[in-house]
Amino acid sequence: MFNSRTFHPTASRGQNYPYPHNSPSPMADGRNLRMQHLQDALWCISRPWEGRAVDASLTALMVSVVGVVGTLGGTVLTQTRADRLKRLELEHAGNQRAEDLRRADLLREIEKVETREREASALRRQCYITLNTAGRQYMTALVNHLHALRRGDVSATSEALEIHRAAFRDNYAEAQMIVPTTVLESSSRASRRLNTLFGQLKGIEASPAGKSQELEVIEHGLDEVWVCLRQLRAEMRKDLGIDQDELGTA
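The structure is reproduced here in structure tokens:
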């Protein structure tokens, strides 16, 4: 009779009955595992154990058990592998979404910075246009007033001079809040020279008698005021990215 306590087919294989499982098997999937169990069962069937043959009912039971175990084992292994692959796919998808969100946030921040820079550049450009225009109109009004003082009739030029002076003052005040230091320094020099010239002409306007020589001195100094305005324009163009030296141009 078959003794179940001594039935250890794998452990009982010796030198007289070589078996391919003495060396490590490379089979890893469910089908190879079932084949291994089936080979164990067939080996037990064909090998008398301690002088006793295994009966047919036990053989059938063993084959059935091996088949069920192999099927269940293969299913478990397949499901485990599928779960692992699914988990890896989910992790990869989550990492990809996180990376996409990070890139989207970075692009939004870059776009915000570029938008602010464009808006600031557009604001400075508009300020430079109005400041340059106001400065030249103020200077032109001063020159016209100087010639009117020589003629002795300032009724037409005095009002225009006040208008252009106020316009330059307003534009200069705006520029003080948004322009860089280099442009601010140039605009400050131009503003001082223009206002100095304005004060000199207004002083002569209040007492024009015998002031012809003073008017000559003021007229000779007009070029220095124009130089300040050209320097201011050059600094503004440089800040806007126009690399052209206009210090020697009118």
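Residue numbers (the numbering used here): 33 to 282.
Every residue gets a Cβ at the ideal spot worked out from N, C-alpha and C, and that includes glycine.
Below 8 angstroms between beta carbons: does that hold for residue i and residue j?
i, j, result
"R182", "L247", "yes"
"L254", "R168", "no"
"V187", "H177", "A quick correction: the sequence has Ser, not Val, at residue 187. Against a cut-off of 8 angstroms, the Cβ pair of H177 and S187 comes out as no contact."
"L174", "L193", "yes"
"L229", "V259", "no"
"Y160", "R197", "no"
"A222", "L264", "yes"
"R150", "I210", "no"
"A180", "N203", "no"
"A207", "S218", "no"
Need the endpoints of the alpha helix (DSSP H) that residue i sits in, please.
i, result
"I210", "187-210"
"A266", "254-271"
"G235", "213-238"
State the DSSP-derived secondary structure class of residue i, mapped to helix, strand or coil.
i, result
"K243", "coil"
"I274", "coil"
"G126", "helix"
"M59", "Because M59 carries a pLDDT of 43, less than 50, the predicted location of this residue cannot be relied on, and no value is offered for it."
"G167", "helix"
"G106", "helix"
"G184", "coil"
"H53", "Any answer about H53 is weak, because its pLDDT of 46 lies below 50 and its placement is not dependable; what the coordinates show is given next. Three-state result, H53: helix."
Could you name the residues of the same chain whose beta carbon sits closer than 6 angstroms to that of residue i, not counting the 5 residues immediately before and after it, in chain order?
i, result
"V215", "E267, M268, D271"
"S96", "none"
Can you give me the Cβ contacts of residue i inside the same chain, cut-off strictly under 7 angstroms, excluding the 5 residues immediately before and after it?
i, result
"E251", "L178"
Between residue i and the ligand MN, is the CB less than 7 angstroms from at least one heavy atom?
i, result
"V211", "Of ligands this structure carries none, so the ligand MN is not represented either."
Within its chain, find whatever has a CB closer than 8 angstroms to the CB of residue i; leave out the 5 residues flanking it on each side and keep chain order.
i, result
"E12", "Any property of residue 12 remains undetermined from this structure, which presents the chain solely from 33 to 282."
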